[in-house]
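Enquirer:
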Amino acid sequence: MKTLLFTPLLILSLVSSVSAQPHPELIQRINSQVIPVRSLELNQPEPAFDQIAAHLDSVQVVGLGEGTHGTHEFFAFKSRMIVYAIEELGFRILAFEAPFDLKKANAYIQGEDMEVGDAVVSMGYFIWNTQEVTALFKWMRAYNLSRDPSDRIQV
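If you use this note's numbering, the sequence shown corresponds to residues 42 to 196, in order.
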């Protein structure tokens, strides 16, 4: 089964020499690989994800991180990428870095009667208590309630 890892660790960092001199070759190489993303809206199509998906065709686990905790743009991008991976690539397991059990979070997205805020807070890690994660949980719940139980997202 395909798994998305939603972690606050920075997955990719570029290390350059201490020199203040620009590195045109490095900049050109990075720019040649950039895929611009035009929209971070959760329910809007984003053609750039089709290009990103081409790199994910045969992978089973994808890790998503951010450069800073709580930054709207990082969390919005990850939420949008998660929705795409679920809808278009068939991912069904979402793993969060969290110090506590995720049973309450999973119960919420499976449709149990509880408040979304309680599910998010139950993960025990303050960085997940954001509008973007709350919106993602609501989306996952609605998605799951429209699916056969064998085809639902799990956290």
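We treat Cβ as the ideally placed atom computed from N, Cα and C, and that holds for glycine. Source: prediction; values computed, not measured.
Do I150 and F178 have their CB atoms nearer than 9 Å?
Expert: As a first step, residue 150 is located in the sequence shown; it is residue number 109 there, counting from the start. As a first step, residue 178 is located in the sequence shown; it is residue number 137 there, counting from the start. I150 is a Cβ neighbour of F178, given a cutoff of 9 Å.
Enquirer: Can you tell me which of Y184, V196 and Y125 puts its alpha carbon nearest to the alpha carbon of D142?
Expert: As a position in the sequence shown, residue 142 is number 101, starting the count at 1. Residue V196 is the option with its Cα nearest to D142.
Enquirer: Within 10 Å of its beta-carbon, does V102 have 16 or more other beta-carbons around it, so buried, or fewer, so exposed?
Expert: Taking the sequence shown and counting its residues from 1, one reaches residue 102 at position 61. Exposed, by the Cβ-count rule.
Enquirer: For G165, report the span of its beta strand (DSSP E) as first-last.
Expert: Within the sequence shown, residue 165 is the residue found at index 124, counting from 1. Run containing G165: none; DSSP gives neither H nor E here.
Enquirer: Quick check: W180 and L81, are their CB atoms within less than 9 Å of each other?
Expert: Locating residue 180 in the sequence shown gives position 139, where the first residue counts as 1. Locating residue 81 in the sequence shown gives position 40, where the first residue counts as 1. Going by C-beta atoms, W180 is not nearer than 9 Å to L81.
Enquirer: Do W169 and A139 have their CB atoms nearer than 9 Å?
Expert: On the sequence shown, residue 169 is found 128 positions in, with the first residue counted as 1. On the sequence shown, residue 139 is found 98 positions in, with the first residue counted as 1. Against a cut-off of 9 Å, the Cβ pair of A139 and W169 comes out as a contact.
Enquirer: Between which two residues does the beta strand (DSSP E) harbouring I134 extend?
Expert: Along the sequence shown, read from residue 1 onward, the residue named residue 134 stands at position 93. Where I134 is concerned, the enclosing beta strand (DSSP E) stretches over I134 to F137.
Enquirer: Out of A126, T171 and A160, point me to the one whose CA is closest to T112's CA.
Expert: By one-based count along the sequence shown, residue 112 stands at place 71. T112 has its Cα closest to that of T171, out of A126, T171 and A160.
Enquirer: What residue from Y184, F118, V161 and R193 has the CA that sits closest to A89's CA?
Expert: As a working note, residue 89 is residue 48 in the sequence shown. Checking every option, the nearest Cα to that of A89 belongs to F118.
Enquirer: Quick check on DSSP: helix, strand or coil for L105?
Expert: What you label residue 105 is simply residue 64 of the sequence shown in a count that begins at 1. Three-state DSSP puts L105 in a strand.
Enquirer: Could you tell me how far apart the beta carbons of S120 and A146 are, in whole angstroms, since I believe they sit closer than 8 Å?
Expert: As a working mapping, residue 120 is identified with position 79 in the sequence shown. As a working mapping, residue 146 is identified with position 105 in the sequence shown. Rounded, the Cβ-Cβ distance is 15 Å, inconsistent with contact.
Enquirer: Could you tell me which residues DSSP pairs with Q85 in its beta bridges?
Expert: Position 44 of the sequence shown, counted from the start, is the residue given in the question as residue 85. According to DSSP, which records beta bridges pairwise, Q85 is partnered with nothing at all.
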